[in-house]
Each structure stands twice: as C-alpha cells, then as structure tokens.
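K.L.:
Dropping the structure in here first, questions after.
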Amino acid sequence: MRVQRKRRPERLIMIILLVILALIVAAYGTLWAAQRPMHHAQKTAYSLATSKAKLKTTTAFSQYNGTESYYVVTGTSSKNVPVYALINTNKSHKTTIVKQSAGISRTKALKKVWAKRHPSKVIKATLGKANGEVVWEITYLNQKKALCYEVLQYSNGSQLKSIINI
18 MRVQRKRRPE
28 RLIMIILLVI
38 LALIVAAYGT
48 LWAAQRPMHH
58 AQKTAYSLAT
68 SKAKLKTTTA
78 FSQYNGTESY
88 YVVTGTSSKN
98 VPVYALINTN
108 KSHKTTIVKQ
118 SAGISRTKAL
128 KKVWAKRHPS
138 KVIKATLGKA
148 NGEVVWEITY
158 LNQKKALCYE
168 VLQYSNGSQL
178 KSIINI
C-alpha cells in the first residue's frame, strides 16, 4: 500500500509570498527606470543653474516644453535674491535669469485661471519662454474633462494664448 503525502499549507504560502515579492520588485524596478530620465534632467538642471546662472541655492525644478524646451530652476542668486533660471535644453544651454519679484507668482497665475475658466483640475503650472518672453503655462482639465492651456505673460499676467477643449 502506498502512502500519500499531504501537501503542507506552509509550502503553498511560501510560494504565494515569493510571487508577491517578485511582483513588488518588478513594479519598483519599472517605476525606477521610468523616472530615471526626469531625475537625470533635474540633476543636469541643478548643475547648470549653479555653474551658468550662478545660483547659490536651488529649491525647485520643472520642465517647460513649448517651441523650445527649458529647465526651470527656482533658487536664490549670489546676492540672496529669489530668482528663476530658465535654461534652454539645447547644447548651448542659454540661460535667462528673472527675479521672482519681477512678475506674477505661480499662485496669482493660477488664481487668474481659476477665476476665468473654473477648471476641474490643474495638471501643471510652469514657467517657460515663448516668443522670447517669459510666460506661465497652466495646463488644466475643464468641467467637461477636456485638456486646456492658458499662457500668461510673466511680467503682468495678461493672457497671451488660450487653447480650450483639446
């Protein structure tokens, strides 16, 4: 007579835990690989901001993609003045420095869009350059969940461009 072995539940639990662990590691690796280009861009932007724009401190990073792409670094100049450094992403890395006090703040730009368009969700608000002037570009979803853009002049907040219901 043959003796049948009983499968132990511990073995099944161990296999399930190993599969879950493998899925977690795969998900983490995928996210890490997907974010690597943005981390590299941020590292490059901070390096260029301290070397070319002579920023003493760097506090924030964003990326603007209009007709040309820019790294935008928030920080303070060597004279402790709060500034934005707009660094062209092409090989020359032409840099524009603007004082934060020389234009409207991100909050004021967002308030203008909220008051006029009543978006359901703001996706992004970033500084950039369009047609040679510094602008705020606000990307949002309207009440119908359609993608929209508002481009406001940095110096006074006037509307330069509006694209609605993309």
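Every number in my numbering is 17 more than the matching position in the sequence shown, counting from 1.
Ideal Cβ positions, reconstructed from N, Cα and C, are used throughout, including at glycine.
(1) If we count the other Cβ atoms within 10 Å of its Cβ and call it buried at 16 or more, is A102 buried or exposed?
(2) What number of angstroms, rounded off, separates the C-alpha of T112 from the C-alpha of N182?
(3) Could you tell me which residues DSSP puts in a beta bridge with S79?
(4) In terms of residue numbering, what span does the beta strand (DSSP E) encompassing S179 cover?
(5) Measure the alpha-carbon distance for K178 versus P99 and round it to whole angstroms.
(6) With 16 other CB atoms within 10 Å as the buried threshold, where does G149 fall?
(7) Q160 by DSSP, collapsed to three states: which one?
(8) Assign K146 to one of two classes, buried (16 or more other C-beta atoms within 10 Å of its C-beta) or exposed (fewer than that).
(9) Hey, could you find the ends of the beta strand (DSSP E) P99 is sitting in?
(10) Is it the case that the segment 91 to 98 contacts the segment 71 to 79, given that we only count it when at least three CB pairs across the two stretches are under 8 angstroms?
(11) Just reading off the alpha helix (DSSP H) that A58 is part of, what are its end residues?
(12) From which residue to which residue does the alpha helix (DSSP H) around T124 run?
(13) Identify the residues that DSSP records as bridge partners of Q117: which are they?
(14) DSSP state of L144, grouped into three classes?
(15) Is the distance from the Cβ of Y81 to the Cβ of L65 below 8 angstroms?
P.N.:
According to the data block:
(1) In the sequence shown, the residue the question calls residue 102 occupies position 85. So A102 ends up on the buried side.
(2) Position 95 of the sequence shown, counted from the first residue, corresponds to residue 112. Position 165 of the sequence shown, counted from the first residue, corresponds to residue 182. If you take the alpha carbons of T112 and N182, they lie about 33 angstroms apart.
(3) In the sequence shown, counting from the first residue as 1, residue 79 sits at position 62. S79 pairs with V89.
(4) Counting from 1 along the sequence shown, the entry for residue 179 is found at position 162. First-last of the beta strand (DSSP E) with S179: Q176 to I180.
(5) As a working note, residue 178 is residue 161 in the sequence shown. As a working note, residue 99 is residue 82 in the sequence shown. So the two alpha carbons sit approximately 27 angstroms from each other.
(6) Within the sequence shown, the letter at position 132 stands for residue 149. Looking at its Cβ environment, which holds fewer than 16 other Cβ atoms inside 10 Å, G149 is exposed.
(7) Along the sequence shown, read from residue 1 onward, the residue named residue 160 stands at position 143. Looking at Q160 - three-state DSSP - the assignment turns out to be coil, as it is neither helix nor strand.
(8) Taking the first residue of the sequence shown as position 1, residue 146 is located at position 129. By the neighbour-count rule (16 or more Cβ atoms within 10 Å), K146 is buried.
(9) In the sequence shown, residue 99 corresponds to position 82, counting from 1. First-last of the beta strand (DSSP E) with P99: P99 to N105.
(10) yes
(11) Counted from its first residue, the sequence shown places residue 58 at position 41. Where A58 is concerned, the enclosing alpha helix (DSSP H) stretches over P26 to S68.
(12) On the sequence shown, residue 124 is found 107 positions in, with the first residue counted as 1. Looking at the DSSP string, the run of the alpha helix (DSSP H) that includes T124 is R123 to R134.
(13) Along the sequence shown, one-based indexing puts residue 117 at 100. Note: Q117 sits in no beta bridge, so no partner.
(14) Translated into positions along the sequence shown, residue 144 becomes position 127. Three-state DSSP puts L144 in a strand.
(15) Taking the first residue of the sequence shown as position 1, residue 81 is located at position 64. Taking the first residue of the sequence shown as position 1, residue 65 is located at position 48. Not closer than 8 angstroms, so no.
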